[in-house]
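Just so you know, the sequence shown maps onto residues 1 to 98 in the working numbering.
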Amino acid sequence: MSPGPHPSPLLAAPPLNSLEPVPALIRPPGSGTWCLFVHNIAPDTEEATLWRLFGPFGAVRSVSVAREHGPGSKCRGFGFVNMVNYEEAVHAIQHLNG
1 MSPGPHPSPL LAAPPLNSLE PVPALIRPPG SGTWCLFVHN IAPDTEEATL WRLFGPFGAV
61 RSVSVAREHG PGSKCRGFGF VNMVNYEEAV HAIQHLNG
């Protein structure tokens, strides 16, 4: 079975700041939000860091950091930020990636 076409728009650019996020923007069907995939983030990154990083650009509905299983639960180097407004999400991507 071959994968079907991906209907969501995708934006990505090289990282700029010390956290080195490289977000991609998609809109999960029925979600009402725009999901930014952020990778190249540090092992000690917390959800609060993503809130502080993306919050100044607009309404953030939720954030999550992918974590390893087990004790210590370090960040696996990527996470997700769900923003309410498309233009604000694009502005965050453009600003954080130069």
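Ideal placement from N, C-alpha and C gives every residue a C-beta, glycine not left out.
Cβ neighbours of residue i in the same chain (closer than 6 Å, five flanking residues each side left out)
i: residue 14; result: Here the model assigns residue 14 a pLDDT of 40, short of 50, so the residue's position is not dependable, and the following value carries that caveat. So no residue of the chain qualifies.
i: residue 61; result: 33, 82, 84
i: residue 54; result: 60, 81, 92
i: residue 43; result: 74, 75
Limits of the unbroken alpha helix (DSSP H) element including residue i
i: residue 92; result: 86-96
Cβ-Cβ separation, residue j to residue i (assumed contact under 8 Å), whole Å
i: residue 66; j: residue 78; result: 5 Å
Collapsed DSSP secondary structure at residue i in the structure displayed
i: residue 42; result: coil
i: residue 22; result: The pLDDT assigned to residue 22 is 45, lower than 50, so where the model puts this residue is not dependable; a value taken from the coordinates is nonetheless given after this. Three-state result, residue 22: coil.
i: residue 48; result: helix
i: residue 32; result: coil
i: residue 77; result: strand
Proximal residues to residue i (C-beta, below 7 Å), its chain only, five neighbours per side dropped
i: residue 102; result: The requested residue 102 does not occur in the structure, where the chain is confined to residues 1 to 98.
Opening and closing residue of the beta strand (DSSP E) in which residue i lies
i: residue 66; result: 60-67
Beta-carbon proximity list for residue i, same chain, < 8 Å, skipping 5 on both sides
i: residue 51; result: 60, 63
i: residue 95; result: 57
Quick check: the region 67-76 against the region 90-97, are there 3 or more CB pairs under 8 Å?
no
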